[in-house]
Each structure stands twice: as structure tokens, then as C-alpha cells.
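Heads up, the numbering used here is the position in the sequence shown plus 103, with the first residue counted as 1. Every residue, glycine too, gets a C-beta built ideally from N, C-alpha and C. Computed from a predicted model, the values in this text were never measured in an experiment.
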Amino acid sequence: MSNNSQEKIKLKWTSHPFIDYPRNSAILMIFIIILAISLWRIAVVFWEMPLFYYIGVTFILVSLITYFIPTRYILNDDKITIYYWFIKIEKKYSDFGCYYQDKKGIMLGTFKKPRRLDPFRGTSLRFSKTKSEKAELLQLLEKKIGNRY
């Protein structure tokens, strides 16, 4: 990263829910283990189709991967960059029509008002455990997007 791009960074933080919320993580792990055992009994023992077991467990783990890995958020003058290990997602502020806060972070919606499609089309910015970035993030989003709900 060059020095010029470092100057453009307005805010950055890392969120790692698996580490930040150990109680929820323990409950999730127990649920996954029970689900894996149940899938094993159904797919391998009763159906004798181990491929279904491996596909099912893989599907569950891949769908929950963002909970287990750290996520880095970098907000620049013109865009938001989200890093999941080796995946990089860049979105311009102009892609979003509104934003609103939930208990775990901020949802950036693509419409002018909150819609049910926001979890699928929008982008979620999850707070760190300390929420130290919250006030500055809300100020920045008010300036860049402006349509808060």
C-alpha cells in the first residue's frame, strides 16, 4: 500500500465474532456438532450415502464462514473495502441509498428506504467488540450516504 492511499483512509477496524463472543460461539459449535452427528446418522447410517453428508456439512460451514474468520473494514474517501482472508470486496458510497443500525453493526441498503432485500443486496458492516469505531462510522456514513433510518 502506498503512502498516498494510506492518507485516504478515514476509518478501519477488524471484527472477529468467533473470538469476540465466546458464549455465542460455544452455542454455535454445540449446534454444529449436533447437526453434524444428525446428518451422519441420516446420510451415512440410514441412507448409506456419505457424499450427502460431506456436501451438507460443507454447505453449513461455508455459509457460516464469515462468523469464524476475522473481517477487516477500511473506509476511504470514495469507497468501502471489506477483506475476508483472501477475498476483497470494494463498494462505492454511491452504491448505497440508505443505512440503518442493528445491534451488531450497520446495514448499508441499496434502496432509498430499508427493504427486505437489504440482507441480500446490501452490505453489513459489523462492529468490533468494543464498538470504538461506531461514532466515527456513523458520522462518516451521514456525510457520504446521508439517508439514515
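Would the region 138–153 count as touching the region 201–217 if we require 3 or more Cβ pairs under 8 Å?
No, the region 138–153 is not in contact with the region 201–217.
By the three-class DSSP mapping on this structure, what secondary structure does I112 have?
I112 falls in the coil class under three-state DSSP.
Using the DSSP secondary-structure output, state which residues sit across from E193 in a beta bridge.
DSSP lists T184 as partners of E193.
Ignore the nearest five residues each way along the sequence and tell me which others in S231's own chain have a CB closer than 6 Å to its CB.
Closer than 6 Å at Cβ, skipping near neighbours: W116, S118.
Report yes or no: do three or more beta-carbon pairs, one from the region 119–128 and one from the region 181–195, lie closer than 8 Å?
With the cut-off at 8 Å, the region 119–128 and the region 181–195 do not touch.
State the start and end residues of the unbroken beta strand (DSSP E) segment that holds M210.
Its beta strand (DSSP E) spans residues 208–212.
Tell me, which residues are paired with L178 by DSSP?
Looking at the DSSP assignment, L178 forms a beta bridge with L114, I183.
Between T174, Y203, W143, which lies nearest to E245 when the distance is taken from Cα to Cα?
Taking only the C-alpha atoms, the option nearest E245 is Y203.
Grab me the residues of Y252's own chain with a C-beta within less than 8 Å of its C-beta, minus the 5 sequence neighbours each way, in chain order.
Cβ within range, chain order: C201, Y202, Y203, K216, P217.
Report all residues from its chain with a CB closer than 6 Å to the CB of P120; omit the five preceding and five following residues, and keep chain order.
Result list for P120: Y170, in chain order.
For L178 versus L241, is the C-beta spacing smaller than 7 Å?
It is not a contact, given that the beta carbons lie outside the stated cut-off.
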